[in-house]
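Down below is the structure, laid out as structure tokens.
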Amino acid sequence: MHHLPLMTDVLKTAVICVAAGIVTYFVYENIKVVVETTGEHLAREIFSTQKLAILNFVGGSLVLFISAAVFAPIYLFLANLWGVIEEDEKQSVRALISRILSRRRAEPISQGDA
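Under the numbering used here, the letters of the sequence shown match residues 294 to 407, in that order.
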């Protein structure tokens, strides 16, 4: 029984996954046909193919991408809200984002002697 306190984060993570999964499921059920058909149409136009495997792959990938785009922010928000994400993990993400953003900043164009 002395290990039970160690399970709190595991239980929180499970509840968070279920909550994010329920929302994702409802979104998936409402978009799957339209998004899959749109993905298949895009694949048909872009790749000029009628191969069913390619059309299904692109359509399914688009549905999967949108499902992940729904699940991930909900999961991260709830994990942060319930304290599952530790401070050193937050610092690592902040450092990574600041490195990426600092590389993307454009250097100002210097004016030459005119």
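Ideal placement from N, C-alpha and C gives every residue a C-beta, glycine not left out.
Cβ-heavy atom distance, residue i to the ligand NAD, below 7 Å
i: Lys344; result: With respect to the ligand NAD, the structure offers nothing, as it holds no ligand at all.
Within 8 Å, strictly: CB atoms of residue i and residue j
i: Val356; j: Val316; result: no
i: Val386; j: Ile309; result: no
i: Ile359; j: Val328; result: yes
Where the alpha helix (DSSP H) containing residue i begins and where it ends
i: His334; result: 301–340
i: Glu382; result: 380–397
i: Leu355; result: 345–374
Closest residue to residue i among the options (Cα-Cα distance)
i: Leu335; options: Ile324, Ile359, Lys325, Leu348; result: Leu348
i: Thr306; options: Lys383, Ile367, Tyr321; result: Ile367
i: Glu333; options: Ala346, Tyr321, Glu322; result: Ala346
i: Gly314; options: Ser391, Ala361, Asp381, Arg392; result: Ala361
i: Gly353; options: Leu369, Thr330, Phe370, Arg337; result: Thr330
i: Asp302; options: Arg397, Trp375, Ile393, Glu382; result: Trp375
Inter-residue Cα distance where the pair is residue i and residue j
i: Glu379; j: Gln343; result: 49 Å
i: Asn373; j: Ala388; result: 17 Å
i: Val321; j: Ala365; result: First, the amino acid is wrong: residue 321 is Tyr here, not Val. Taking the straight line from one Cα to the other gives about 14 Å.
i: Phe350; j: Phe319; result: 22 Å
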